Amino acid sequence: MLRFVVFALLLGVCASAGKQQKKKETPQSLSRGWGDGIRWVKSYKEGLSEMVKRKKPLMVIHHQDICPYSQALKKAFAADKSIQKMAGRDFIMLNLLNETADERIAPDGRYTPRILFLDQSNTVRTELVGKFPSHLYTYEPADMTLCE
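Mature numbering (1 follows the signal peptide of the UniProt record, and there is no 0) puts the sequence shown at residues -16 to -1, 1 to 132.
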């Protein structure tokens, strides 16, 4: 009888050890840290569609998780309450880790961070530039004051 009890206990321990504890992974927010209070679209295609439907310009933020300049800009963007309010109220918002096939949103090359705007007529507003002549659409944390 003792052997049966030991066998049953051993079987129970093995069975429970065999079950992997599946840790619930929370899906990454579409904001990717740029501001959870903003309604973000999932894709460039969705952004273009929402831009027409909601009659608001599209702001496209190109960034990379491994880029320190992208990370610094993201931190400043997310921390600035007036920027967050303006972005959520006045724009269709999209942040991209990967490039799109639309060459229009890389008018001076593909680099990060890069922010471009498309108006409701689907025109890329190339005149809205930052201060860097070699990377016209790059902004840095100090540039957040320009938006206020």
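Yeah, the Cβ is synthetic: ideal placement off N, Cα and C, and Gly gets one too.
Quick caveat, the model's predicted, so the values are computed rather than measured.
For residue i and residue j, I'd like the C-alpha separation in whole angstroms.
i      : j      : result
Phe101 : Met77  : 10 Å
Thr110 : Tyr121 : 8 Å
Met43  : Asp103 : 9 Å
Arg23  : Met70  : 12 Å
Lys40  : Ile50  : 30 Å
Ala60  : Thr96  : 15 Å
Helix, strand or coil for residue i, going by three-state DSSP, please let me know.
i     : result
Val36 : helix
Ile45 : strand
Leu14 : coil
List the residues that DSSP assigns as beta-bridge partners of residue i.
i      : result
Val108 : Leu102
Which residues in the same chain have their Cβ closer than 7 Å to the Cβ of residue i, if we skip the five residues on either side of it in sequence?
i     : result
Asp74 : Lys40
Thr10 : Any reading at Thr10 needs caution, since the residue's pLDDT is 49, under 50, leaving its predicted position unreliable; the model's value is listed next. Around Thr10: no qualifying Cβ.
Excluding the 5 residues flanking residue i on each side, which residues of the same chain have their C-beta closer than 6 Å to its C-beta?
i      : result
Tyr28  : Thr84
Asn106 : none
Alpha helix (DSSP H) segments (min. 4 residues) lying fully within the segment 61 to 85: Listed in chain order, they are 65 to 74.
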